[in-house]
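Using the working numbering, the final residue of the sequence shown is 460, and nothing's skipped along the way. The beta-carbon is built from N, C-alpha and C at its ideal position, and this holds for glycine as well. Working notes, beginning with the structure itself.
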Amino acid sequence: MQITREDLNPCTVKLDIVCDRAEVEKGFAKAVRALSTRVKIPGFRPGHAPVHLVEAALDPAILREEAVEQIVRETYQKVLTEQAIVPDPSVTVRFELEKASKEEGVCQFWVKVPLPPKVELGDLDGLTYEAPDAEPTDQEVDHQIEELRRKRSTREAVTDRGAQEGDICVLNIKEDGVAGEGRTFMTVVGQTFAQLDLALEGMRAEEMKSLSVTFPPNFQEKDWADKTVDVQLTLNSVSAVRLPELDENFAKALKSDSPEALRDQVRKLIGEAKAEASREIATEKLFDELLARSTVNVSDGMWEALAERRMRETAEEQAKAGKTLEQYAQEMGMTLEQFSEAWREKARTSIERALVVREVYAREKMSLGDADLNRELVEMAREFAISPVELLEILKKNQAIEELRFRALSRMVGDFLIERAQAREPAGAVS
């Protein structure tokens, strides 16, 4: 057996292995025995037929696949022992077959062996972070209250005036000279395209108008897109959005005693949201700064697997939207190769930072309790807009409880770093 070892980095060893003829023959013999129970040979019970009859009855491709698995598995373990290599059991090992032939007595493959990660944690003293103002402004409170009013808005039919910007219109567009009822749309005046918006303004319900319309290239009706068409426009109905008055009834509908109490409630919620966002920003910056101070070595396999999974998930998401991964990359201003490399770099940084976080957790002898996990479960459930019970079932079903634990662990480490770090005002802040 020939072994070529290359230490790619402190946590990845590449092994190029060429097996001896004897090892190849032994592997094929084991494969025949392993597959013999699947082959029916007349006059023999499964697993008891002569080897030459079994081998002749087997599909050569299936035999080769089984033999390669036998050879690679045994040889790999033997080489690990000879080279005194202890791989990281948490990382899946993948083998790349170069050549395998029983006739030639050869089996050649290579493997990148993942070693356990190595983390030299940087100094925790002197870390700094920006502390953006988390106090809600009056403008933010006003905006949020307007959003609440819009969510409780109603539509009222407009009969005493023509359509104007912001009105909701149901209209029918019929192409001249084409039989049929035309096509019906619902739109908001001012949010279609300039020529149609202009035509709708001032029209009353049930009015008709003949005109020549040039439809935009992205118009939803593909046969009209980017074309000029003579049409008859009929405005079936016009309705306006009515916002509720900001009075006591509105406040009570939102479980507040008065408009003033509602403002206080909204201000409090905005403050909590801004404080959490500020904490997340500070935590991200502290994690990045600590990573820059630390020395982290990880196996290629650890971050490559994450990058490939993220690429696969992105491809599946884009396929649902009818796009290829290459098209999506182009939309992001990158080639497919650049997009892939960006994900690889992001995956590597993500893994390295997670290891630094875990190292702080271990070195400071931290411990997660049920309260920490429950708090994180509630936060995650709020993000996904489902109940904590539903989220817990989903996490269990997908065997993703560890994600919950790591998020809780990260929060604990982040709070620890914020407490001992020095806050500074953002650049350009006015005291």
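The C-alpha of VAL148 is placed about 29 angstroms away from the C-alpha of ALA400. Taking one beta carbon from each stretch, the segment 61-72 and the segment 105-119 have fewer than 3 pairs nearer than 8 angstroms; the two do not touch.
A direct Cα-to-Cα measurement between ILE423 and GLY330 gives close to 28 angstroms. Going by beta carbons, ASP196 and VAL218 fall inside the 7 angstroms limit. Around the Cβ of ILE114, a 10 Å sphere holds fewer than 16 other Cβ atoms; the residue is exposed. Close CB contacts of VAL325 within its chain, under the 8 angstroms cut and outside five residues either way in sequence, are with PRO146, LYS147, VAL148, GLU149, GLU381, LEU384, VAL385 (chain order). ALA282 sits exposed, since fewer than 16 C-beta atoms from the chains shown fall within 10 Å of its C-beta. If you compare the alpha carbons of MET340, ALA348, GLU194 with that of LEU365, the shortest gap goes to MET340.
Looking at the backbone, the Cα of ASP117 and that of PRO143 are separated by about 6 angstroms. Within the segment 93-154, the beta strand (DSSP E) runs of at least 3 residues that lie entirely inside it are, in chain order, 124-130, 135-143, 147-149. GLN359: not part of any beta strand (DSSP E); member of the alpha helix (DSSP H) spanning 354-360, first to last residue. For SER307, the three-state secondary structure derived from DSSP is helix. Inter-residue distance for ARG392 and MET363 is about 41 angstroms (C-alpha atoms, whole angstroms). Under the DSSP assignment, ARG453 falls in the beta strand (DSSP E) whose first and last residues are 451-453.
Beta-bridge annotation (DSSP): ARG271 is paired with THR183. Per DSSP, reduced to three states, the secondary structure at ASN403 is helical. ALA344 sits away from ARG373, with the two beta carbons spaced by 7 angstroms or more. Between the alpha carbons of LEU225 and MET361 lies a gap of roughly 32 angstroms. The alpha helix (DSSP H) runs of length 4 or more contained entirely in the segment 188-231 are, from start to end of the chain, 223-229. Counting the other CB atoms within 10 Å of its CB gives ALA311 a total of 16 or more, which places it among the buried residues.
With at least 16 other beta carbons inside 10 angstroms of its own, ILE46 counts as buried. As far as DSSP is concerned, ASN278 takes part in no beta bridge. Annotation for MET331: the continuous alpha helix (DSSP H) segment containing it runs 329-349. The three-state reading of DSSP puts ILE380 in helix, counting H, G and I together. Just measuring C-alpha positions, the residue of SER239, ASP205, GLY211, PRO246 sitting nearest PHE222 is PRO246. Counting the other Cβ atoms within 10 Å of the Cβ of PRO75 gives fewer than 16, which makes it exposed. Excluding sequence positions up to five before and after ALA429, its CB lies less than 6 angstroms from no other CB in the same chain. Distance from the CA of MET30 to the CA of ARG93, rounded to the nearest whole angstrom, comes to 20 angstroms. Residue environment: LEU240 is assigned as exposed (fewer than 16 neighbouring CB atoms within 10 Å of its CB, all protein chains considered). In this structure GLN99 is buried. Its beta-carbon is surrounded by 16 or more other beta-carbon atoms within 10 angstroms. Fewer than three Cβ pairs drawn from the segment 204-219 and the segment 294-302 lie within less than 8 angstroms of each other, which leaves the two stretches out of contact. Three or more beta-carbon pairs drawn from the segment 130-137 and the segment 44-63 are found closer than 8 angstroms, and the two stretches are therefore classed as touching. Taking the CA atoms as reference points, ARG434 sits about 27 angstroms from ALA371.
Taking the Cα of GLU274 as reference, the smallest distance to any Cα among GLU412, ASN427, LYS180 is reached at LYS180. Taking a cut-off of 8 angstroms for Cβ pairs, the segment 228-244 and the segment 262-277 touch, as three or more such pairs fall below it.
ASN278 and GLU164 have their C-alpha atoms roughly 28 angstroms apart.
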